[in-house]
Structures are given as structure tokens and as C-alpha cells.
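Using full-length UniProt numbering, the first residue of the sequence shown is number 1, and each one after it goes up by one.
For each residue, glycine too, the CB sits at the ideal point set by N, CA and C.
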Amino acid sequence: GEIAARLLEHELVGDAAVVAHADAAGDKRLVAYVVAKTTDGSAEADGAGLAASLRAHLGGLLPDYMVPSAFVRLDALPLTVNGKLDRKALPVPDDDAYARRTYEAPQGEIETLLAGIWAELLGVERVGRHDNFFELGGHSLLAVRVLVRLTEALAVELPLAMLFAKPTLADLALSVGEVLNGSGAQTVPVIMPVGRDGALPLSYSQQRLWFLAQLDEDSTNYNIPLGWRLQGRLDRVAWRRSLDRLFARHEALRCTFVAGEDDPQVQILSGDRGLPVVEHDLRDRPDAQAALLDLCQEEARTPFDLAREPLIRGRLIRLADEEHVFLLTQHHIVSDGWSLGVLVRELSSLYRAFEAGEDDPLPPLAIQYPDYAAWQRQWLSGERLQRQAQYWRDTLSGAPARLALPTDRPRPAQQSFAGASVPVVIDQVLTRGLKRLSRQHGTTLFMTVLAAWAAVLSRLSGQDDIVIGVPTANRRRREIEDLIGFFVNTLAVRIDLSGEPSVSDLLERARRAALTAQDHQDLPFEQVVEIVQPPRALDHTPLFQVGLAWQNNTGGSLDLPGLRVEAAGEGLDQVKFDLELNLGEQGEAIAGTLGYATALFDRATIERQCGYLLALLRAMLADAEQPVSELDILPPDERSYLLEELNRTET
């Protein structure tokens, strides 16, 4: 392989082999077995000196994740009778062979800055200059937040790929320093408040969504529904006051959108009017549960008027003296998934304070969403806009217009958003294995699952060119982390499975595709569609029809004193795509759902697809050098069923 080839370029190495070996904790690490040259300089090749020399040599040629964790010197590599490497005869590396990361304090301003950011975001007490971000628990979203903090502190743009290529603190600090000292550093302007006297612009994403909404003003496809069942004594005054304060605090929730002479414009409603809430009392209704379902469905079917009314509304449904259901609906043009986390946290804090008779505990916001929209118009323009547009034009050129998945029913002439979902659980044992695989190949868990999902879709469709929609929070500025608003973007991540890639090859392709897409996430998806101009049809979404969302930032649940809170989503199921895989880490496992369009698929079909994904993930762990096309995706129960059917047919 490439690592052994690079080792052989070293002047002291006569022969070398690199294998993955399980250490005492069960984690697989790369181990290099080296035969040193017997030359006049052989004394330098003894003990730790050789390992240090080889580690430095590889570190200058390969990514950090490809540098072996241990180096073992041998007199000769063991061979089988056929002259091949005898892996079973390779000695187990002892503890001294592994590189020990002894703590060494950060040096210089950039390392010290980085160490503070890592410690804060990763929740660790101290970070040494040789510590690895991902070994400390980092993942894609935390990597983005590291860059957000660096951008704020240094006022310079840094690519996400930099942290993946240089995950140790000292190496990353060196790369950051090179960017700061280089002539091509891209500075980032600060987001400043703008005046509210003149016309306020929409963000690029808002403008495109406004245009789409005008095509079907009665559509509820862009509604974001939430529902909670509240059991216990609800302080209705404190609850109402909390909702009104949230409404007044976030201008995004008070924005309406009216047609101007050329472009739509934002008008901001007064915060004094409060968040609109309709109350229903079902305590004396014998059919209370049926009535509740009717109200949930009615809420889900009610569109918003973008020009006249607040684009957030609530319904408080009283089932008993100490049982309520609260429905909260927002339009996507003023909110997104990250915003739901902000909303839940702030609503919990406000209710806790007001119920106890205290004042508003939340700090004031330095900027609001309209300030961001004005900043984005200035920042995403000119050469930067052209650079992003060219990336997507090149990346998606010639991409298939549709994924040819087999469906249970013909596709309707117009896309239906009615959906349902089945649970997906990747157990602790498999999750541990996927973490090891990810560490070995320099990927995150998300990238590894992305690769597997692409492989399953390829197998089902018979296509080797797969485009998957991946939502990204698109909050790469610290000032906007606590804002409610429409920031999220969807990236069209294109995975190439042509040419019989091995598992290792596919992981590298998924890694590269995900990182480059993340580094070009600023251009809204709707503008990407306009640039690429794929064939358009009413029966499917353009560019991709399958999504994968990874929930690193769980918004949490409402935490209200004296109340037990449960999700209540009666009658609220909708999907945006044919298939939507939503996953995230939950404790030691990975869990989530596979959502599907009920117009196309039966539940049994989707349950089989979940089985294919789990079977393929297990097969990936067995041999990372095996071609992906040869991996078995049939789960044991389905294989047994098919064999029985085959035997029955033959009989």
C-alpha cells in the first residue's frame, strides 16, 4: 500500500509492511513493521530513533491519520511458503512501540488560542500541542465551530479541510499561521447592525423560498411543526409571557415579506403584539383524543400568509386540568433545525424564570437576522460568489437527474410530501467498530455512514453516480449561533462509486466530497439549482431525491419545572424527499429514522432498506480492502428467507 511505499523511500528502510492491529483496548491501529538497512549508518536505525525518524518522514508526506501508531523493527518480514507476507507471524507490538502523546503545553499565541477553543468545545480540562482533535471527541459540526471561533478571533477565512488534514494542535496552528502570513488570506467582514428605516433585504435563501411560496400560496410544504404534551400544573400566565418574550426577542419571527417594485422586502411587526396562540378546551369532550387528532391535522394543513401575519403561531389544547398539548408551527422562511434548539433552550429558560417570579434571564442579542441578510448580500458577491458558483457547476456537471430506485407504486405526476418513518438503530458494538474504521481512515462517523448509504443506494438503483442531499447548519459565524432564522443550507454531495472501489477507496471519496461541499456551503441550494440547471419536473426534487441528516446538535427537549414533557406529533408526518435518513449518536449507539414518501413506498420495503444498510456497515468492518460491490447487503433473516423460497421453488 501507499504507506509501505512511502516507508521504503526512507534511506534507513530496506523492507516494510503496514497492517491494522487491535491494541489492548480493542481499537485497531496501524502498525508498521520495518526491516532496517544494514549500512554504515545502521546505528541510527536502533530503537526509538528509527521510529521517530520514520514518523517524521511519513508526517511530511501523508495525512496524520495515515501515519502508523506503532513501529516494530524486524530482522526480516515473515513470509508464507508462497512468498507472501505471513500476517499471523507478525509479532504483537508492545506498549513501547506505540507513540505516547505525553502532555506538552501549547506554544505561541495561535496554539494557545486553539487550545482554549478546543478545551471549551470538547469539554476537556487541558489540550496539549500534540493532541488530536478527533481523538479528543471532535466531529464535523464541532470542527465547524472551531473554525467559527478562529474566524472571530483572527478575522480570516479557513477551510474545513484544513482541520481534517492537520488534526493535531501544533500542526493546525502551523497551517493557520501560514494562512495569516500568506498574501491570499481572505478576510471576513464583521456583521454589523443596519438601520431599520429603509427597505430591508431578504437573505438569498429567503428570497428563493419566497419565490417558491408564491407559486403555491396554499402550500404547507414549508411549515415546521412542533408539538409537546405537557403533564402537570402549567402556569399559563408564565407560559404565555415566555412565548411573547421569545416573539419580541427574535426579529426573524416578526418578519413579513411583501412584494416590492423589483424584489420582495422585509417588514418587521411590532414585538408588542405577542405570539398568536389559539386555545382549545377539550376537558368535557368524550371524544377528546379524536378531537385532538383533528386539531393537529387542521394545524398541519393551515398555510401562512407571508405578507400579513406572524410566521409563527401556537395552539394550546387543554385535555385535563393538568394535561395540555401545545402545537407550535413556524414557516421555514424564518426558522430552521438549529433554530429549534435555540427556541427550546430559550423558552425553557424564560418559563423557568417567569414561573419563579424572576426577570428575563437572557442576555440581549448583538445582531438580528435582518442584519445577517444585509451582511450576506455584501459578503457573498463578486469573486467569492463566482468561486462558489464555479465549484458547484463543475462538481454537478453531468450528474444524473434522478435516482432510479425501485418503488412499490408509480411516481405520481406531482410530488407528494406525505410521509412516514421507521426507526433505525445501529447498536453499540457496531457503532464502536464504525468509530474504529473512521479513525483509521480519517473520516467522521457521518462520512462513514454517508459512504455506506451511497453504496446501498447504488446497489438498489444500479447506478454508480449517487447524489445525496445533506443539510448543513451554515452558521459559520459566532454572532449568529444564538439567532432564530433561516440559515440552513442543503448540499448536493456527489459520491462516485465507479471503478470497483474498495471500502477504503469509498471512504476517501466520501470524505473528500463531504469536505469540499462543506467548504462551498455558502451558496444557497436554490441558486445551485439555477446554476446547474438540471432537467426539472413536478414529480421529484432537482439534483437529488434522497437525503442524509446527521444530528450532532440535538436541540434538547423542553425543560419546564413541575411538568413532564413528551413529544406530541399526531398527524404531522411530512417528508421533503423520497427517502430521508436521519441519524445521530445517542449514548454509545447511533439511532434515528428512515423517512419515506408514502406515495412511493410501503413500510415493509423501507424496513428491508434499513436491513441492507446495517448489513453493509457490518461488511465494511470485516475487510476495508474488499471491493464495495462484493459486500453482502442481505441481512441474515432475509438471506434465510430467500434461500427457503429458492429451495421451495426448486422442489
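- Rounded to whole angstroms, the separation of the alpha carbons of residue 399 and residue 141 is 27 Å.
- In the same chain as residue 160, and ignoring 5 residues on each side of it, the C-beta atoms closer than 7 Å to its own belong to 143, 144, 147, 515, 518, 519, in chain order.
- Annotated three-state conformation of residue 536 is coil, per DSSP.
- Put simply, of 264, 224, 229, 196 the residue whose alpha carbon is nearest the alpha carbon of residue 214 is 264.
- With contacts defined by Cβ atoms closer than 8 Å, residue 563 and residue 234 form a contacting pair.
- Linking residue 300 to residue 212 through their CA atoms gives a straight-line distance of about 19 Å.
- CA-to-CA, the gap between residue 240 and residue 426 works out to about 40 Å.
- Within the DSSP secondary-structure output, residue 315 pairs in a beta bridge with 278, 327.
- With a threshold of 16 other beta carbon atoms within 10 Å, residue 607 falls short and is exposed.
- From the listed residues 413, 86, 406, the smallest Cα separation to residue 601 is found for 406.
- In the assembly as shown, residue 72 is a buried residue. Its beta-carbon has 16 or more other beta-carbons within 10 Å.
- Cβ-Cβ separation between residue 113 and residue 153: approximately 6 Å, consistent with a contact (criterion under 8 Å).
- The criterion of a C-beta distance shorter than 8 Å is not satisfied by residue 550 and residue 507.
- Here residue 488 is buried. Its C-beta has 16 or more other C-beta atoms within 10 Å.
- Residue 574 has 418 as its beta-bridge partners, per DSSP.
- For a cut-off of 8 Å, the C-beta gap from residue 373 to residue 206 is around 7 Å, short enough to register as a contact.
- A direct Cα-Cα distance of roughly 15 Å separates residue 201 from residue 191.
- Counting along the chain, residue 294 sits inside no beta strand (DSSP E); it lies in the alpha helix (DSSP H) bounded by residues 288 to 301.
- Contact between the segment 120 to 136 and the segment 159 to 175 is established, with three or more Cβ pairs separated by less than 8 Å.
- Contact annotation: the segment 174 to 181 does not touch the segment 346 to 359, with fewer than three C-beta pairs closer than 8 Å.
- One alpha carbon belongs to residue 494, the other to residue 510, and they sit about 8 Å apart.
- If you keep only unbroken alpha helix (DSSP H) runs of at least 4 residues inside the UniProt domain "Carrier" (105 to 180), you get 108 to 122, 140 to 154, 160 to 165.
- DSSP places residue 597 inside the beta strand (DSSP E), whose first and last residues are 589 to 597.
- Runs of alpha helix (DSSP H) with 4 or more residues, each lying fully within the segment 398 to 462, are found at 428 to 441, 445 to 461, listed in chain order.
- By the criterion of at least three beta-carbon pairs nearer than 8 Å, the segment 273 to 284 is not in contact with the segment 374 to 381.
- The criterion of a C-beta distance shorter than 8 Å is not satisfied by residue 293 and residue 318.
- Excluding the 5 residues flanking it on each side, residue 58 has same chain C-beta neighbours closer than 8 Å at 3, 6, 7, 66, 67, 68, in chain order.
- Counting along the chain, residue 267 sits inside the beta strand (DSSP E) bounded by residues 265 to 268.
- Cα atoms of residue 466 and residue 460: separation of roughly 11 Å, rounded to the nearest angstrom.
- The C-alpha of residue 36 is placed about 29 Å away from the C-alpha of residue 623.
- Secondary structure at residue 469: strand, using DSSP grouped into helix, strand and coil.
- For residue 370, there is no enclosing beta strand (DSSP E); the residue is part of the alpha helix (DSSP H) that begins and ends at 369 to 379.
- Pairing residue 546 with residue 579, the inter-Cα distance amounts to about 5 Å.
- Counting every other CB atom within 10 Å of its CB across the protein chains shown gives residue 429 a total below 16, marking it as exposed.
- The residue among 49, 110, 1 with its C-alpha nearest the C-alpha of residue 62 is 1.
- Annotated three-state conformation of residue 36 is strand, per DSSP.
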